[in-house]
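> Handing you a structure now.
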Amino acid sequence: SITEIWMSHVLEHVADPVKIMEEIWRIGKPGCVVQIRGPHFTGPVVWGDPTHRRGLSSSTFVCFTPGSNWWYTQARFTIQRCLLKRNMGDAPPAPTHWWNYITLWFDALLEALTNRSFLWVQRAERTLGRWFGFDEIQVILRVEKAPPG
């Protein structure tokens, strides 16, 4: 039984992500922390890779929350944190021209506003994502299980 699981750019490649989430839930202890990273559906990265089957969004994980009406699985997770990133990876590219500084500043401002809360992430997906795509989504989940017995 596992207490922490990390997945980086895996879920967008699998044929059945529900089965993967069920397996994560099965092997995770109650309260297990699950960190998932992958390409966001609004970004150009997701559609440029022919091995990607789908892009991810905050709604991908809402389906697994305890209050969800989605009953295709018993796997349940609480969303602890959800972040949208404009640049793939942990560090933005080094600026090579003066105008790149403006882009980096804009991206940092957009991320700071978007990642204020889960509600702001969902709003950004519905509105800002149409004009300014996000390259990556990072989600931190907690496994929810009833105590044994």
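Residue 23 in my numbering sits at position 23 of the sequence shown, with consecutive numbering throughout. Note that beta-carbon positions come from the ideal geometry of N, C-alpha and C, so glycine has one too.
1. By alpha-carbon positions, which one of T78, I137, C63 ends up nearest to W71?
2. Please confirm whether T78 and L141 have their CB atoms less than 8 Å apart.
3. How far does the alpha helix (DSSP H) with M21 in it extend, from its first residue to its last?
4. Quick check for students: name the residue ranges of the beta strand (DSSP E) that lie wholly in the region 99 to 147, counting only runs of 3 or more.
5. Just to confirm, are L37 and S8 a CB contact at a threshold of 8 Å?
6. Closest to T3 by CA distance: which of D16, R26, V18 is it?
7. Under the three-state reduction of DSSP, which class applies to F41: helix, strand or coil?
8. Express the C-alpha separation of P39 and I137 in angstroms, rounding to a whole number.
9. According to DSSP, V34 sits in a beta bridge with which residue or residues?
10. Return the first residue and the last residue of the beta strand (DSSP E) that F77 is part of.
11. Got a sec: is the Cβ-Cβ distance from Y101 to anything in chain B below 8 Å?
12. Taking T42 as the reference, give the member of V121, T96, K145, S117 with the closest Cα.
Put simply:
1. Of the candidates T78, I137, C63, the residue whose Cα lies closest to the Cα of W71 is C63.
2. yes
3. Counting along the chain, the unbroken alpha helix (DSSP H) around M21 starts and ends at 17 to 27.
4. 136 to 143
5. In the sequence as presented, Leu is not what sits at residue 37; that position holds Arg. Yes; because the gap between Cβ atoms is below 8 Å, this pair is in contact.
6. R26
7. coil
8. Distance from the CA of I137 to the CA of P39, rounded to the nearest whole angstrom, comes to 6 Å.
9. Bridge partners of V34: I5, L141.
10. 77 to 85
11. The chain inventory of the structure shown lacks chain B, comprising one protein chain alone.
12. V121
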